[in-house]
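Worksheet: the structure to be examined is printed underneath.
Number of protein chains: 2
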Amino acid sequence: MPYDYLVMGTGGHAFLPGIPGQDLEGVFTLKNLTDAIKIKRYINEKQCRKAIILGAGFIAMEMSEAMRRHDIETTIVYRGELPARKWDPEFSKVILEELNNNQVTFVPHTKPVAIEKGTNSLLRLVTDNGEMDADIIFMALGVRPNARLAKEIGLQIGETRAIHVDSSQRTSREEIWSVGDCCEVYHRVSGKWVYMPLGDVSNRQGRIAGQNISGHTVIFPGVVGAQSFKMFNLEVATTGLDEKAATRNGFEPVANIIWGNPIAASLAKSLPDPRKLGIKLIGDRSTGKLLGAQAVGTENVVSRINVLSVALWSELTLDDIGYIDLAYSPYFSGAWDPVQTAAQILRRKL
Amino acid sequence: MPYDYLVMGTGGHAFLPGIPGQDLEGVFTLKNLTDAIKIKRYINEKQCRKAIILGAGFIAMEMSEAMRRHDIETTIVYRGELPARKWDPEFSKVILEELNNNQVTFVPHTKPVAIEKGTNSLLRLVTDNGEMDADIIFMALGVRPNARLAKEIGLQIGETRAIHVDSSQRTSREEIWSVGDCCEVYHRVSGKWVYMPLGDVSNRQGRIAGQNISGHTVIFPGVVGAQSFKMFNLEVATTGLDEKAATRNGFEPVANIIWGNPIAASLAKSLPDPRKLGIKLIGDRSTGKLLGAQAVGTENVVSRINVLSVALWSELTLDDIGYIDLAYSPYFSGAWDPVQTAAQILRRKL
């Protein structure tokens, strides 16, 4: 098929552990709308009562809430110690509590070995830590780029194994653009091209490619790594680099966690769930700049991470953030926002 | 009394219209904790049934909600056409609707002439537009700086009539600092010293003065004019300059309003009050930079204005904001946040 230009949006696919039985009926990935439709149909047809989720990232967390809403007994099986390992262990413990509070069983330090047809339930998961029954099993082990076609036609592939693009979303071949979960994206904080398969990033890339193809020169300014999810009564969000990534990228990270009120202290007691807002900031010792942030809580968590995302975008220092001007009213924060307090405290540690 | 240094925190006072009867029992200002205590006592003692609020700024809006919560018949009397005139008339109309929905009567184009003792009620308000009964009358007509003492000892007073300070909060006399509602603050967008008597600003000024007095050189980086209030089911917020202020400060403002969803469209229907989020952006034609923003809606309004406040702080352009990286999840926004959409649309109008 002859073409003037081509946009490669081959997407990503769910990572599979490569264990026997992973293709049995009742084992699902969580990537596409088709997955969702198949899952709904299967749950209804088979009257599923028990689910196992492999993995403990944000998709696993969201899926556990979806299962509990359908009153399905839910177990998360994970090779590590705590869920949501992108976040600080102090926050992951809050997330684990939230799972427990909502009757989700979390089984740590456990790897799947095989999936078999079950006897008590429809399926049986064999692990290095015993066997478990389930009617449905979800693979929430991460996403990998679909870059095979790109590789076959000789496009440059990045170190992340995703398609290499420039800031106009053009690949190494002049007439081919690429957008979405198959390609890399520029991370403004690390200065590296990374793989970050997120829906909002794909949307922005698509618009950038479209504008460039239609003759407008528009540069995709990159991402700072902002992301969030909701699970039960918790909001969880992060932006920028964690300490490990910061060190790997040549920074000298210093971090601190504070627990504050999502709204004015005098009103916080009246919240339906008056748990504190936890904010972790990571700063760079040599420049005093913010490098990253994480937050967890019941209210106004994502809004704080968005403020910090713009701060990262603009390379603000902790000095700036400590005195940043926000729209104060007791219903939305204290006269000192936890973001300001966190920045001031971390500043003194640098 | 001899001293090494002095901090002048003389505060502000409520503006009074200078009409006969403004000092009658039952007429209150809304500035201090003492006002609140007196008001509560008076309402209880006198079994107040009817209140009139003079003024239609954010304090008047907040007071109207407080009165309605006590089931007191409430009327707002205002010389202008619409409430909350800091905001675009399109948004002020939404605010007016919210007043009406909550049984607050709004009387426009009306000036107070006198207050008298009443017959049907405890008080009578005489206006250029007829008389009205009330048991309690509130003066919410703005705040003025208490700068008399400063003037008397010869401190420099700014054009705003508030005390002039520098970025360390020092007045024109080396050993005197000043903070709070009596002094000016630097506005980063206009580059001018302005009067902005807000609680969070005072807090920041206080900390800056304290640090400088104790020997640390710390600069107050100023404000961008972020502010917000809640009234009934509405969040209302603004930051930066409106078109008038922008023109006055030598910019060439171009503005646009969009109405979007506070969370993903697919989930917005499930909100208790699924009204749209309105965002107005004001940009500068010659530089492409953001100059100001306003927003109104039922959810996640202040969080958007905070994002835009950091953008203003960092002098971001509409190009930047159109592709800014925020922590997307359907529970907190669409894959395109209304902030991004608003910036892209305004960008095309420049």
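Residue numbers (numbering that gives the first Met the number 0), protein chains in the order written: chain F, 0 to 349; chain U, 0 to 349.
Using N, Cα and C, we set each Cβ at its ideal position, and we do this for glycine too.
In this text, all values refer to a predicted model and were calculated from it rather than measured experimentally.
Checking contacts by CB at 8 Å: is residue i closer than that to chain F?
i: L315(U); result: yes
i: F228(U); result: yes
i: A225(U); result: yes
i: L266(U); result: no
i: V306(U); result: yes
i: W192(U); result: no
i: F90(U); result: no
i: P261(U); result: no
i: S171(U); result: no
i: G117(U); result: no
i: W312(U); result: yes
i: F331(U); result: yes
i: F231(U); result: no
i: F219(U); result: yes
i: L197(U); result: yes
i: M324(U); result: Residue identity check: residue 324(U) is Asp in the sequence provided, not Met. By this cut-off, D324(U) is an interface position.
Using a Cβ-Cβ distance cut-off of 8 Å, determine whether residue i contacts chain U.
i: T238(F); result: yes
i: S166(F); result: no
i: A334(F); result: yes
i: Y327(F); result: yes
i: R203(F); result: yes
i: V359(F); result: With chain F represented from 0 up to 349, any question about residue 359(F) goes unanswered, as that position is not in the structure.
i: I257(F); result: no
i: I135(F); result: no
i: V222(F); result: yes
i: V381(F); result: For residue 381(F) there is no data in the structure shown, the boundaries of chain F being 0 and 349.
i: D241(F); result: no
i: D283(F); result: no
i: D319(F); result: yes
Looking only at DSSP bridge pairs, what is residue i linked to?
i: H12(U); result: R143(U)
i: S177(U); result: M7(U)
i: W312(U); result: None; W312(U) has no bridge partner.
i: M138(F); result: T28(F) and L53(F)
i: I162(U); result: I156(U) and C182(U)
i: R169(F); result: W176(F)
Throw me the rounded Cβ distance for the residue i and residue j pair, which I believe falls under 8 Å.
i: A363(F); j: N202(U); result: Past the boundaries of the shown model lies residue 363(F); chain F is included only from 0 to 349, so the question cannot be answered.
i: W176(F); j: V6(F); result: 5 Å
i: T238(F); j: L307(F); result: 6 Å
i: A133(U); j: L29(U); result: Actually they do not touch by this definition, with Cβ atoms about 15 Å apart.
i: V222(U); j: R187(U); result: 7 Å
i: V301(U); j: A326(F); result: 5 Å
i: P329(U); j: A263(U); result: 3 Å
i: G259(F); j: R274(F); result: Rounded, the Cβ-Cβ distance is 11 Å, inconsistent with contact.
i: Q230(F); j: M66(F); result: Correcting the residue identity first, residue 230(F) is Met in this sequence and not Gln. Actually they do not touch by this definition, with Cβ atoms about 12 Å apart.
i: K49(U); j: I71(U); result: 7 Å
i: S167(U); j: I135(U); result: About 43 Å; that fails the 8 Å criterion.
How would you write the range of the beta strand (DSSP E) that residue i sits in, first residue to last?
i: L5(F); result: L5 to M7
i: I71(U); result: Neither: I71(U) is in no beta strand (DSSP E) and is coded neither H nor E.
i: K258(U); result: In the sequence as displayed, the identity of residue 258(U) is Trp instead of Lys. Counting along the chain, the beta strand (DSSP E) containing W258(U) begins and ends at P252 to G259.
i: A50(U); result: K49 to L53
i: D283(F); result: L276 to D283
i: P111(U); result: P111 to K116
i: G296(U); result: L289 to G296
i: V184(U); result: V184 to H186
i: V193(U); result: K191 to V193
Provide the residue span of the alpha helix (DSSP H) that contains residue i, from first to last.
i: L32(U); result: L32 to K45
i: R346(U); result: P337 to K348
i: A267(U); result: A264 to A267
i: I320(F); result: L317 to G321
Please list the partners that residue i has in chain C, where partner means a Cβ-to-Cβ separation under 9 Å.
i: Y185(F); result: Looking at the structure shown, chain C is missing, and the protein chains on hand are F and U.
Open item on the list: Just to confirm the assignment: which complete beta strand (DSSP E) runs, minimum length 3, are found wholly within the region 202-242 of chain U?
Closed with: 226-230 and 233-239
Task: Complete alpha helix (DSSP H) runs within the region 82-136 of chain F (minimum length 4 residues, chain order) - done: 88-100
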